[in-house]
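In our numbering, the protein residues as written are 1 to 499.
Written out as structure tokens, the structure reads:
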């Protein structure tokens, strides 16, 4: 779909301005000289009005007679930030409420030959968050931000300004397809040793009617009979004398490249590419003389993790190019790092980041997007997060770089050590409810969803980082710790040699 002719306006204002898609509201306002540079001087303060308004984006596009002959036409938004009502030729086709999810609409019945009109109305996430907060009898820390499924750092952090932006932040496209398409591919290692690797591929295929298809994985081909709708088909693939994928410092990050194709009567229906690294990874937690261990083994070898926490490289994410992610990961490699943590107050990064980690042997500690607060646990919120987990795990799971999935950043620590109970004057009933909601999301729904999506060995899960607060003795003898002594505690750098 053309990214050229999008326009935007503040709701109820007639004047329209040129928009860039993918993009954000703040960058569009700046490009049209409607606001000063958000990062200059104290401009952050005078731009806070933007977050309280609703904004509209729209475009016109042409559909030909030939286009409309396709059996299926999907309108796909890879990312809408965050509360968006989508109109196609005047009809509401979608109400989105999660920045981290992919939204797909079956659009054929709403399209016509000639000019079509697509409009997206973005509602203020700050106002929505405040409305949700009012529904509770108690106040959650960080108020409105915890109710909205959007990048939490946009609400301001110790490392960045408050710019609660909005917009079509990832590509939008019309996808034309006929009798079948590949929805998802996952693989598991059935066997891995020096002599051979046996992989089992599970390919999720959607077909519009009963048919026989050929599934081809590289040079290997098999025939399957599919029923109408969604099908999951399994096929094994063997590699002789496999080369293992190693993290930086232990060996080469060897990758195997696969092309998965489906065809019917020798006509190609769809294809996808995968880059796979053969490796085993374990998180070792065993009781020892001072507490319990917490370290990783790769291909049976113990590894000391050296790395960094990664926050989004820009307040306005569409400005981050693939090359930014590539150089970030290459610099980590040059610094002899072997693991990067995708921090929970940001976003699940673009594919380019994970591809760079795969190629450079950098392991990824992947947080889910929650940070430094307590979150609601009502049915609608939990279901929304569940779909977010499914979308992102399906997208990221085949990357050999992903070592561990982590529920959140510092929520458990905050609840037990930051005096929220006293600060917000929670009753015993409030405290019980808040902690039960926490457990529902981070101890139940997320790990259960991971187990349902991933084979054993890919589903390593840690509910919250850190597991113990830095002021507590056990934080130095078990689990993981965010050692704030040097920053918050104003201790000298040399203390790291001691701890």
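Glycine included, C-beta positions come from ideal geometry on N, C-alpha and C.
Closest residue to residue i among the options (Cα-Cα distance)
i           : options               : result
residue 497 : 480, 488 and 476      : 476
residue 84  : 169, 138, 222 and 42  : 169
residue 298 : 279, 315, 140 and 316 : 279
residue 321 : 211, 460 and 22       : 22
residue 282 : 290, 255, 384 and 457 : 457
residue 172 : 152, 135, 86 and 155  : 86
residue 130 : 439, 144, 118 and 138 : 144
residue 358 : 335, 377 and 329      : 329
residue 255 : 400, 42 and 38        : 400
residue 351 : 133, 368, 107 and 323 : 323
residue 307 : 91, 472, 364 and 232  : 364
residue 104 : 439, 176 and 376      : 176
residue 67  : 430, 387, 115 and 160 : 115
residue 402 : 441, 488 and 245      : 245
residue 156 : 422, 425 and 45       : 45
residue 221 : 41, 10 and 266        : 266
residue 449 : 425, 394 and 429      : 394
residue 287 : 232, 474 and 140      : 474
residue 127 : 492, 48, 161 and 272  : 48
residue 159 : 491, 387 and 487      : 487
residue 203 : 272, 252 and 253      : 272
residue 439 : 482, 491, 425 and 382 : 382
Close Cβ partners of residue i (< 8 Å) along its chain, the five nearest in sequence each way excluded
i           : result
residue 284 : 293, 294, 295, 296, 297 and 302
residue 210 : 225, 226, 227 and 228
residue 264 : 179, 180, 211, 212, 213 and 214
residue 333 : 248, 360, 361 and 362
Contact under 9 Å by Cβ, residue i with residue j
i           : j           : result
residue 35  : residue 65  : no
residue 398 : residue 276 : yes
residue 269 : residue 178 : yes
residue 389 : residue 366 : no
residue 30  : residue 348 : no
residue 88  : residue 60  : no
residue 406 : residue 339 : no
residue 192 : residue 238 : no
residue 316 : residue 163 : yes
residue 361 : residue 250 : yes
residue 392 : residue 345 : no
residue 463 : residue 480 : no
residue 50  : residue 174 : no
residue 241 : residue 194 : yes
residue 8   : residue 56  : yes
residue 236 : residue 190 : yes
residue 372 : residue 336 : no
residue 318 : residue 24  : yes
residue 384 : residue 98  : yes
residue 208 : residue 71  : yes
residue 138 : residue 419 : no
residue 152 : residue 165 : no
residue 538 : residue 205 : The requested residue 538 does not occur in the structure, where the chain is confined to residues 1 to 499.
residue 455 : residue 188 : yes
residue 469 : residue 413 : yes
Proximal residues to residue i (C-beta, below 7 Å), its chain only, five neighbours per side dropped
i           : result
residue 274 : 185, 258, 260 and 398
residue 18  : 7 and 32
residue 147 : 129, 132, 133 and 376
residue 218 : 258 and 259
Contact belief for residue i with residue j at Cβ below 8 Å, rounded distance in angstroms
i           : j           : result
residue 150 : residue 62  : Wrong, their Cβ atoms sit about 33 Å apart, outside the cutoff.
residue 415 : residue 374 : 6 Å
residue 102 : residue 142 : No, residue 102 and residue 142 are not in contact; Cβ-Cβ is about 26 Å, not under 8 Å.
residue 471 : residue 417 : 7 Å
residue 377 : residue 441 : 6 Å
residue 460 : residue 404 : 5 Å
residue 124 : residue 52  : 5 Å
residue 43  : residue 11  : Not a contact, Cβ separation roughly 23 Å.
residue 431 : residue 423 : Residue 431 to residue 423, Cβ: 12 Å. No contact.
Neighbourhood of residue i by C-beta distance below 6 Å, restricted to the same chain and skipping five residues each side
i           : result
residue 478 : 291 and 292
residue 119 : 58 and 87
residue 325 : 352, 353 and 356
For the segment 432-481, list the alpha helix (DSSP H) runs that are entirely contained and at least 4 residues long, ordered along the chain.
-> 446-453
Note down, one range per segment and in chain order, each beta strand (DSSP E) of at least 3 residues found wholly within the segment 70-108.
-> 72-77, 83-88, 91-97 and 103-106
Beta strand (DSSP E) runs wholly inside the segment 151-179, at least 3 long, in chain order | 155-157, 160-162 and 172-177
Complete runs of the alpha helix (DSSP H) confined to the segment 180-267 [at least 4 residues] | none
Completely contained alpha helix (DSSP H) runs for the segment 292-343, where each covers 4 or more residues | 322-334
Write down every uninterrupted run of the beta strand (DSSP E) in the segment 357-394 whose length is 3 residues or greater and which is fully enclosed by it, in chain order.
-> 363-367
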